[in-house]
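S.K.: Just so you know, the protein sequences line up as chains U and R, in that order. Numbering (this note's numbering) for the first sequence: 1 to 320. Numbering (this note's numbering) for the second sequence: 1001 to 1342. Here it is, the structure in full.
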Amino acid sequence: MWKTIVRRFLIMIPQLFVLSLIIFILAKNMPGDPFTGLITPQTDPARIVELTEKAGLNDPWYVQYMRWVGNAFQGDFGLSYTYKRDVADLIGERALNTFWLSLLSVLLLYLIAIPLGILAGRYQNSRLDKTIVMYSFVTYAIPTFVLGLIFLFLFGYKLEWFPTSGSVDVQYDPGTFSYFWNKIYHIVLPSITYAILGTTGIIQYLRSEIIDAKAMDYVRTARSKGIPMRKVYSKHIFRNSLLPIAAFLGFTITGLLGGSIFIETIFGYPGMGELFVSSILSRDYSVITALVMLFGFLALLGSLLSDIIMSIVDPRIRIE
Amino acid sequence: MKGNELLKINNLHTGFRIKDTFYDAVDGVSLTVKKNEILAIVGESGCGKSTLATSVIGLYDQNKTRVQGEILFDNKNLAALSEEQMNDIRGFQISMIFQDPLSALNPLMRIGEQIEEGLVYHTTLKQTERESRVLELLQQVGIRNPERVAKQFPHQLSGGMRQRVIIAIAIACKPQIIIADEPTTALDVTIQAQILDLLIDLQAETEAGIILITHDLGVVAEVADRVAVMYAGEIIEEAAVEELFANPKHPYTRSLFNSIPQMNSQSDRLNVIEGIVPSLMNLPRSGCRFSSRIPWIPGEAHEENPTLHEISPGHFVRCTCWKEFHFKTDKGGGTHELYANK
């Protein structure tokens, strides 16, 4: 198994190479340049030429590409043009924010979706099942920004239970308990919004898996042993039904760093999604390329993780 | 019930709900299973064989199924028991062997654990005793290295091995009745013979009554003591195996024998029974149910309300049409002689 994992990592190298090339060329060909926003009619044209030359933007594209890749290998993704900060530092800080937000979101999501999916599947066609299916379709139909704005208005603005933006209030010192607590306080509302709206897939998947599993021959065998139905569900049906959920776990884990563009933008939360959008809007090449590279790497890593998880939970699957 | 009778089924009706109506797939079946006996139930697909079996062990979907009549076992009427009461009997006094060993085992559970499960609920054995009982059972069903197999997962075993495991599960608590629902259908022929031998051996040890459901008359000839032939939810002929093979009476039974492919036949066509088993909703509920498939036999030959007639001791035939019956193209018909000298 370890051999396979190493080999999968090696295969990632050419994949990442192709990805980096595409990203670089796309980013290069975006209209505008990083100085567009800084230029006013008063700006001296000579100053613009000087800036462009200094940033190396006049070099041929492959020289720029090689320079970028070379630096990236050393963990240097350049300087953000808009934030005037190291891209690696900037992303590191945002990634941490996003990680906490995503972690709580996903935990809440599973806490809501798995029990509901199990109940809907177990009591198929009951009133409970119909209610759950209805819930999952209603939440599927609500766009994130609509529910986000409703929650912000109700719980943030009207009732003032939760903050309306940011990731932490300024008066707390990093490292203290109240700082940590204040951070959690900031992610509750966006997490709940995310969790409520993201349940549909898991509920529907789990429900249909359980309905399928109930009709399986091995469930009949289990029943023929005379063990209580409760045990048949917990030992035979649920375990088999949760396999596809486990299959997505790898992607979910790496997805924790991706962040949600909508959630973070609406709740003014300084995370990866929000950084991605704002850097595109401000043509911040170095940030965009670094982020897309990172997302690409995470996607590849996610599929490997999923394979590993599957090989652990399902004895029939061995990665060779 | 008489001394050696284990199970007595009286006028059993098992119906499935389609929309809001129940249609009986088993329509008034009466049977007895004696101790130390293999009772074979044969018939085409859709005759109600499996439904009869699942009714006895209570493994039907309770929302869609209606069971009426009596299934007397151990002074209880199984048809009237609740799910919880049935759980005390299932796997303990009555157990079942399933058709498809490839799908009848939980793919995520080790073999040992799957065999042990029933022991947990029906015996007072301790963990270590259960484990040694599992190894003993695996040995009993002819698995050579039980320690290794107990730790394996189903996908690591061959079809024949898995069927042995399923049999081990069924006999784990030394049941009095074992229902074997086409236990050899999914296996290749050499493995079939091994599994049948195993069933016979186990029966000799346990003295259980076995209900063997099959459509393979070869299997019946090899292992059964008594045979009940089912058609369209009814038993149409019942007799000791030698009697039935030597002297089949009902047109359906004779047609079944006639449709067995013959090694020495010069004909390049197989004998088949005309038509198909009517579907559940279209089952004729009166008259001779087989009449539509032997249309060349005049209607007067059939009884208006066919009942089982005992034509010789222990040999029952439904309807009177057998007296008039002849095959359409009168060439086959002697097929059963192949099995007559069992």
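Glycine included, every Cβ here is placed at the ideal spot set by N, Cα and C. Keep in mind the model is a prediction, meaning the values are calculated, not measured.
Where does U:Tyr285 fall in DSSP's three states?
M.R.: By one-based count along the first sequence, residue 285 of chain U stands at place 285. Of the three classes helix, strand and coil, the one that applies to U:Tyr285 here is helix, per DSSP.
S.K.: When the Cα atoms are used, what is the spatial distance from U:Ile192 to U:Thr176?
M.R.: Working through the first sequence from its first residue, we reach residue 192 of chain U at position 192. Working through the first sequence from its first residue, we reach residue 176 of chain U at position 176. Going from the Cα of U:Ile192 to the Cα of U:Thr176 covers about 25 Å.
S.K.: So is U:Lys130 in contact with chain R if we call contact Cβ pairs under 8 Å?
M.R.: Residue 130 of chain U sits at position 130 when you count from the first residue of the first sequence. Answer no: the Cβ-Cβ gap between U:Lys130 and chain R never drops below 8 Å.
S.K.: Round the Cβ separation of U:Leu304 and U:Leu103 to the nearest angstrom and send it over; I've been treating them as touching at under 8 Å.
M.R.: Looking up residue 304 of chain U in the first sequence gives position 304. Looking up residue 103 of chain U in the first sequence gives position 103. Contact doesn't hold; Cβ gap of about 20 Å is too wide.
S.K.: Excluding the 5 residues preceding and the 5 following R:Thr1206 in the sequence, name in chain order all residues of the same chain whose CB lies nearer than 7 Å to its CB.
M.R.: Mapped onto the second sequence, residue 1206 of chain R falls at position 206. Contacts found: Ile1171, Lys1174.
S.K.: Any C-beta of chain U within less than 9 Å: which residues of the region 1001-1030 of chain R qualify?
M.R.: Residues of the region 1001-1030 of chain R whose Cβ lies closer than 9 Å to any Cβ of chain U: none.
S.K.: Between U:Arg94 and U:Leu275, how many whole angstroms is the CB-CB distance? I'm expecting something under 8 Å.
M.R.: What you label residue 94 of chain U is simply residue 94 of the first sequence in a count that begins at 1. What you label residue 275 of chain U is simply residue 275 of the first sequence in a count that begins at 1. Indeed they touch by this definition, with Cβ atoms about 5 Å apart.
S.K.: For U:Ser224, go through chain R and note every residue whose CB falls closer than 7 Å to its CB, in chain order.
M.R.: If you number the first sequence from 1, residue 224 of chain U lands on position 224. Going along chain R in sequence order, the residues near U:Ser224 (Cβ under 7 Å) are Ile1057, Leu1059, Arg1090, Gly1091, Ser1095, Met1096.
S.K.: Excluding sequence positions up to five away, which residues of its chain have a Cβ less than 7 Å from the Cβ of U:Pro190?
M.R.: In the first sequence, residue 190 of chain U corresponds to position 190, counting from 1. Cβ neighbours of U:Pro190 beyond the five flanking positions: Leu101, Ile263, Phe267, Tyr269.
S.K.: Identify the residues that DSSP records as bridge partners of R:Ala1040: which are they?
M.R.: Taking the first residue of the second sequence as position 1, residue 1040 of chain R is located at position 40. R:Leu1212, R:Val1227.
S.K.: If we ignore side chains and look at the alpha-carbon of each, how far apart do R:His1155 and R:Met1109 end up?
M.R.: As a first step, residue 1155 of chain R must be located in the second sequence, where it is residue number 155. As a first step, residue 1109 of chain R must be located in the second sequence, where it is residue number 109. Near 10 Å, if we compare the C-alpha coordinates of R:Met1109 and R:His1155.
S.K.: Would you call the CB atoms of R:Gly1209 and R:Asn1036 closer than 8 Å?
M.R.: Start at 1 with the first residue of the second sequence, and residue 1209 of chain R comes out as number 209. Start at 1 with the first residue of the second sequence, and residue 1036 of chain R comes out as number 36. A contact, by the Cβ cut-off of 8 Å.
S.K.: Using a Cβ-Cβ distance under 8 Å, would U:Asn29 count as near chain R?
M.R.: On the first sequence, position 29 is the one that residue 29 of chain U refers to. No, U:Asn29 does not count as interfacial toward chain R.
S.K.: Find the nearest neighbour of R:Gly1233 within the set R:Phe1257, R:Arg1318, R:Glu1005, judged by alpha-carbon distance.
M.R.: Position 233 of the second sequence, counting from 1, holds the residue named residue 1233 of chain R. Closest by alpha carbon: R:Arg1318.
S.K.: Between which residues of its own chain and R:Trp1322 is the CB-CB distance below 7 Å, once the five residues before and five after are set aside?
M.R.: In the second sequence, the residue the question calls residue 1322 of chain R occupies position 322. Taken in chain order, the residues that qualify are Lys1249, His1250, Pro1251.
S.K.: List the residues of chain U that R:Asn1106 touches, going by C-beta distances under 9 Å, in chain order.
M.R.: Within the second sequence, the letter at position 106 stands for residue 1106 of chain R. Those within 9 Å of R:Asn1106 in chain U are Met216, Tyr218, Val219, Thr221, Ala222, Lys235, His236, Arg239, Asn240.
S.K.: List, from N- to C-terminal side, the alpha helix (DSSP H) runs of 4 residues or more that fit wholly inside the region 139-164 of chain U.
M.R.: Entirely contained in the region 139-164 of chain U, the alpha helix (DSSP H) runs reaching 4 residues are, in chain order, 144-151.
S.K.: Excluding sequence positions up to five away, which residues of its chain have a Cβ less than 8 Å from the Cβ of R:Thr1253?
M.R.: The residue you call residue 1253 of chain R lines up with position 253 of the second sequence. Closer than 8 Å at Cβ, skipping near neighbours: Val1229, Ile1236, Glu1237, Leu1244.
S.K.: Leaving out five residues on either side along the sequence, give the residues of the same chain with a beta carbon under 6 Å from the beta carbon of U:Gly198.
M.R.: Walking along the first sequence from the start, residue 198 of chain U turns up at place 198. Taken in chain order, the residues that qualify are Leu109.
S.K.: So within the region 66-149 of chain U, which uninterrupted alpha helix (DSSP H) runs reach at least 4 residues, ignoring any that extend past its ends?
M.R.: 87-122, 127-141
S.K.: State buried or exposed for U:Arg230, treating a residue as buried only when at least 16 other CB atoms are found within 10 Å of its CB.
M.R.: Locating residue 230 of chain U in the first sequence gives position 230, counting from the first residue. The residue in question, U:Arg230, is exposed, as its Cβ has fewer than 16 Cβ neighbours within 10 Å.
S.K.: From the beta carbon of R:Ser1082, is the nearest beta carbon of chain U less than 8 Å away?
M.R.: Residue 1082 of chain R sits at position 82 when you count from the first residue of the second sequence. For R:Ser1082, the answer is no, since every Cβ of chain U falls outside 8 Å of its Cβ.
S.K.: Tell me which residues share the same chain as R:Leu1198 and place their Cβ nearer than 8 Å to its Cβ, disregarding the 5 neighbours each side in the sequence.
M.R.: Position 198 of the second sequence holds residue 1198 of chain R. For R:Leu1198, where only same-chain residues beyond five positions count, the Cβ hits under 8 Å are Val1141, Gly1142, Arg1164, Ile1167.
S.K.: Would U:Asp44 be called buried (16 or more neighbouring beta carbons within 10 Å of its own) or exposed?
M.R.: Here residue 44 of chain U is taken as the residue at index 44 of the first sequence, counted from 1. Exposed: under 16 other Cβ atoms inside 10 Å.
S.K.: Can you confirm whether the region 153-165 of chain U touches the region 199-206 of chain U when touching is taken to mean that 3 or more C-beta pairs between the two stretches lie within less than 8 Å?
M.R.: no
S.K.: Taking U:Ile114 and U:Leu206 to be in contact with their CB atoms under 8 Å, please state how far apart those CB atoms are, rounded to whole angstroms.
M.R.: Here residue 114 of chain U is taken as the residue at index 114 of the first sequence, counted from 1. Here residue 206 of chain U is taken as the residue at index 206 of the first sequence, counted from 1. Right, their Cβ atoms sit about 7 Å apart.
S.K.: Ignore the nearest five residues each way along the sequence and tell me which others in U:Ile237's own chain have a CB closer than 7 Å to its CB.
M.R.: Here residue 237 of chain U refers to the residue found at position 237 of the first sequence. Only Ile210, Ala213, Lys214, Val219 meet the Cβ criterion.
S.K.: In the DSSP assignment, find the unbroken alpha helix (DSSP H) run with R:Thr1065 in it and report its ends.
M.R.: Along the second sequence, read from residue 1 onward, the residue named residue 1065 of chain R stands at position 65. Element bounds for R:Thr1065: not the alpha helix (DSSP H) but the beta strand (DSSP E), 1065-1073.
S.K.: Compute the Euclidean distance between the alpha carbons of R:Asn1282 and R:Ile1111, then round it to the nearest angstrom.
M.R.: Within the second sequence, residue 1282 of chain R is the residue found at index 282, counting from 1. Within the second sequence, residue 1111 of chain R is the residue found at index 111, counting from 1. Going by the C-alpha atoms only, they are around 43 Å apart.
S.K.: Check the Cβ-Cβ distances between U:Pro228 and every residue of chain R, and say whether any is below 8 Å.
M.R.: In the first sequence, residue 228 of chain U corresponds to position 228, counting from 1. U:Pro228 counts as touching chain R.
S.K.: Consider the Cβ of U:Asp314: report whether some Cβ of chain R lies at a distance smaller than 8 Å.
M.R.: Here residue 314 of chain U refers to the residue found at position 314 when the first sequence is read from its first residue. Taking Cβ atoms only, chain R reaches closer than 8 Å to U:Asp314, which makes this a yes.
S.K.: What does R:Glu1117 touch in chain U if you count any residue whose Cβ is under 9 Å from its own?
M.R.: The count along the second sequence starts at 1 and reaches residue 1117 of chain R at position 117. The answer, in chain order, is Ala222, Lys225, Ile227, Lys231, Lys235.
S.K.: Under the DSSP definition of a beta bridge, which residues are partnered with R:Lys1008?
M.R.: As a first step, residue 1008 of chain R must be located in the second sequence, where it is residue number 8. R:Lys1008 pairs with R:Thr1032, R:Leu1072.
S.K.: Using the C-alpha atoms, what's the distance from R:Thr1054 back to R:Gly1332?
M.R.: Stepping through the second sequence from its first residue, residue 1332 of chain R is reached at position 332. Stepping through the second sequence from its first residue, residue 1054 of chain R is reached at position 54. Because R:Gly1332 carries a pLDDT of 46, less than 50, the predicted location of this residue cannot be relied on, and no value is offered for it.
S.K.: For the region 1218-1225 of chain R against the region 1304-1314 of chain R, do three or more pairs of beta-carbon atoms, one drawn from each stretch, fall closer than 8 Å, so that the two count as touching?
M.R.: no
S.K.: Straight-line CA distance for U:Gly56 to U:Ser278?
M.R.: Residue mapping note: residue 56 of chain U aligns to position 56 of the first sequence, counting from 1. Residue mapping note: residue 278 of chain U aligns to position 278 of the first sequence, counting from 1. Taking the straight line joining both Cα atoms gives about 23 Å.
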